[in-house]
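Protein chains in written order, with my numbering: chain A, 1 to 349; chain Y, 350 to 970. Beta carbons are placed, not taken as given, at the ideal position from N, Cα and C, and that holds for glycine.
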Ligand SMILES: Cc1ncc(C[n+]2csc(CCOP(=O)(O)OP(=O)(O)O)c2C)c(N)n1
Ligand code: SF4
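The structure is reproduced here in structure tokens:
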């Protein structure tokens, strides 16, 4: 019994960015970070090697969630917070499709918090792009689960008393096998991360810091302003020491005594490059990745961008279909007659 | 092996129908005993219906009134519509069971009690000041058979090496053996069933078989019983049968759809009493093309199903009342995206978590109207456990044919109850064909318009993986052609009306109702869902008494059958019995001005009895 008979095995067409544009004009506010994100996604997809008709974008509700309408793929614009549930059903049912989720911080982590953690822990091959503007955009400026403590918004005029979520840490804690972070203004970086996400097989979170010029303008200036960028951003690269700062003089060291990460400066207190933690997203144990994800919440530490974790584990849909194929192999003569006739029967007449 | 050596010793009386209720502590194995006895009755060729009644607590304190679990089976040589009004035989395993069930026993009925459990402690837990078995009035009202099943079980297992706790657990097989003897059932199949059930624990198989045989032999030798009974084979239509519960039949129906179409049936669900078994049973149908997904909650359950439906699967989701409440926002999405989906609601007592293990029909109005905005959906209801099979197939057929979510209502009474299911031959099954749009459907042959409808107003179903038909669906109002987001007011009005008209068009697939009895008369009973059996039984009885009473049963609640208005007009009075506070009656008043049904409502967690309904109808005739 085939799942579908519509996927034809022909060579991949050579796509350009245009092939992924639906022709519908985006209606985000001028200057919204979402523009640069869609731009990077449309530029990355031609190189991903999946046919356009096999790509599906599923979103929830929020400014960011209008995304599927602007893409020339199959798409669903669903309900607030629920995108992972639709995506999960589709992916289990049709594992051959490449399924993306586009969501906002409120969508994914407030109303959708439960679906978020379960999508991550199941390791379904779902690629979630979380546009984090630390505010509710579509409902015009209320506090979100990623807003900073003390944040003043329309619903927190005296400052928010809630501690925020850190999405990569939450995803790692939930078992996500690919977790990354990037920034809307870092086009090249974002493109590379999106491509890596596309190539990963398993639950994928890409947090994208996104500026909302209307309701939370400058939320990421502390990272992205030219003047501070070098000291504030830590670019994680696979196999490379975690160095940052002007002239890459600062680094992250694992201190075995305190079991913590610390910032050190090359050449000070005898610190050399050998002391610096070498980034390895392939570690199956997520502990270091978790520590890195949490760096940004500690004063005096840089905010890491790049891939925190990238490990390969059998996916939920693979395991599901293995069970199904196993059941079919065990009962090769299963038929409608056998299905109906099973169990204790008796005959009358 | 045969223990029926001296049949001649006891008089054997033939009876047409019998209702037996097994009651005991939750831990006494009454559900198993009832199911096994049901199986024996089915294999003996009787028609039957069952009613398991168990507490919501998994293990209430032993001996307590709250912990009583019961299983009633009505079997007979004539057609059986319900699990029976009042038991002819009550098998009570302890004082609490007696206390909570005695009132239901037929006057003069047979009361079989496990006196071994009538200890001072158990009597006290049941709130008895004195031993009720010594009550003279009780002895006068019923035929009492006190049997010390505890002791007899212990004796049968002396030297078995089992602990006293393990021994105690076998006593339900003593009761079962005794009932096998009383109703002249061959014991071989049961002994085989015990072997199968305890295949991994041979010492338990041996023990239960020994106790079962001891129970059987007790009937034969104890001189307590003067006669046995025999219920001849019923005159069910010729064919091969199996016994099914409604939940199993629903699962079987969906698996059949997978086989009939060669397509994937996808169930996304979350456990909830009394719907859980559908998910469990469907998980065993993998080799037939069924994919099950146990989601993190019911919202994700239906969400996963809608996602799978977008991908081309024949999708369904199963739940009960509170779960249906959670699914309402998603049902609206399925309505506006016009994707096929079956939502099964196995109704239970509400509101809120209400009485989860008790049955009710109180979600009708929610099924019809429980969505925000104008969001009509076809609603159908199964009428008996075996009918759940046909209803599941029909619901899926309608969903895919009309590109719409469909609500299928069953209830706890149907879901847990069982009856014989005549296994259909392949040509008795509906022809189901599911096809997807594979080419552009618009203008110059290059564009795909997801909301371009056919003459029945059905939109095409193009699924991911199909080149050239890439499109987006979602919850925002759709342009009536392209499906793109549209805030145009006139377009919205057009879409609301079109969606409503499409669901009205489904009436084309709704058969006219047939009146049981004459097409006109004094009173028409109108029922829907699980009360079918009781109402049909009442109609039969009233007609036998010469009353001009008809019965119409509604399988379709939306759209209603075309001829219903005419049929209602044929009778002087319309009478609607329901296990709710009058929801169908309310609906009919709105749909058919001038029709003001009389009502009979039972909301005590128990199915309607034929006798009480007959009494009510006689009062108003
Ligand atoms: C069930 C439900 N509750 C509330 C809303 C209202 N709502 C729409 S978007 C939104 C918040 C979106 O914030 P975020 O996810 O951060 O996305 P952004 O708009 O910032 O991209 C809310 C509360 C809704 N559409 N549905
Ligand atoms: S409100 Fe903010 S997030 Fe939404 S579109 Fe405008 S700028 Fe972008």
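Taking a Cβ-Cβ cut-off of 8 Å, the neighbours of residue 331 of chain A in chain Y comprise 636, given in sequence order. At a cut-off of 9 Å between C-beta atoms, residue 358 of chain Y does not count as an interface residue with respect to chain A. Counting C-beta pairs closer than 8 Å gives fewer than three between the region 731–746 of chain Y and the region 560–568 of chain Y, which falls short of the contact rule. Leaving aside the five residues that flank residue 675 of chain Y on each side, the residues in its chain whose CB is nearer than 6 Å to its CB run, in chain order, 647, 648.
In the same chain as residue 152 of chain A, and ignoring 5 residues on each side of it, the C-beta atoms closer than 6 Å to its own belong to 159, in chain order. Set against 8 Å, the gap from the CB of residue 105 of chain A to the closest heavy atom of ligand 2 is not smaller. By the criterion of a C-beta distance shorter than 7 Å, residue 456 of chain Y is surrounded in its chain by 490, once the five residues flanking it on both sides are discounted.
Those residues of the region 111–124 of chain A placed with their C-beta closer than 7 Å to a C-beta in chain Y are 114, 115, 118, ordered along the chain. At least one CB atom of chain A sits nearer than 9 Å to the CB of residue 613 of chain Y. With a threshold of 9 Å between beta carbons, residue 284 of chain A makes no contact with chain Y. Using a cutoff of 8 Å, the CB of residue 213 of chain A counts as near ligand 2, since one of the ligand's heavy atoms is closer than that. In this structure, DSSP gives residue 305 of chain A an extended state, which the three-state scheme calls strand. Straight across, the Cα-Cα distance linking residue 323 of chain A with residue 900 of chain Y is about 48 Å. Across the set Y:920, Y:857, Y:631, Y:842, the C-alpha of Y:920 shows the shortest separation from the C-alpha of residue 870 of chain Y. Per DSSP, reduced to three states, the secondary structure at residue 757 of chain Y is strand.
No Cβ-Cβ contact shorter than 9 Å links residue 660 of chain Y with residue 53 of chain A. For the 9 Å CB-CB criterion, residue 74 of chain A and residue 819 of chain Y form a contact. For residue 98 of chain A, no alpha helix (DSSP H) segment is defined; the enclosing uninterrupted segment is the beta strand (DSSP E) at 98–104. Cα atoms of residue 420 of chain Y and residue 610 of chain Y: separation of roughly 37 Å, rounded to the nearest angstrom. Among the residues facing chain A, residue 719 of chain Y is not included, as its CB has no counterpart in that chain under 9 Å away. The C-beta separation of residue 685 of chain Y from residue 846 of chain Y comes to about 14 Å, leaving the pair out of contact by the 8 Å criterion. A direct Cα-Cα distance of roughly 20 Å separates residue 949 of chain Y from residue 942 of chain Y. Ranked by Cα distance from residue 267 of chain A, the first of A:276, A:259, A:261, A:345 is A:276. With a threshold of 16 other beta carbon atoms within 10 Å, residue 956 of chain Y meets it and is buried. Closer than 8 Å to some heavy atom of ligand 1: that describes the Cβ of residue 133 of chain A. Every beta strand (DSSP E) of 3 residues or more that sits fully in the region 614–644 of chain Y is shown, in chain order, as 614–618, 639–643. Residue 418 of chain Y: member of the beta strand (DSSP E) spanning 417–425, first to last residue. For residue 834 of chain Y, at least one C-beta of chain A is nearer than 9 Å to its own C-beta.
Residues of the region 642–656 of chain Y with a C-beta less than 9 Å from any C-beta of chain A: 642, 644, 645, 646, 648, 649, 650, 651, 652, 653, 654, 655, 656, listed in chain order. Looking only at A:171, A:285, A:233, the smallest Cα-Cα distance to residue 263 of chain A is reached by A:233. Excluding its 5 nearest sequence neighbours in each direction, residue 929 of chain Y has C-beta neighbours in its own chain below 8 Å: 709, 710, 711, 713, 950, 952, listed in chain order. Scanning chain Y for C-beta atoms nearer than 7 Å to the C-beta of residue 128 of chain A yields nothing, as the closest lies near 14 Å away.
Residue 104 of chain A has a beta carbon lying at 9 Å or more from every beta carbon in chain Y. A Cβ of chain Y is located within less than 9 Å of the beta carbon of residue 341 of chain A. Per DSSP, the unbroken beta strand (DSSP E) holding residue 665 of chain Y starts and ends at 663–668.
Taken in chain order, the members of the region 68–92 of chain A whose beta-carbon sits within less than 7 Å of a beta-carbon on chain Y are 68, 69, 72, 73, 74, 75, 76, 77, 78, 79, 82, 85, 86, 87, 88, 89, 90, 92.
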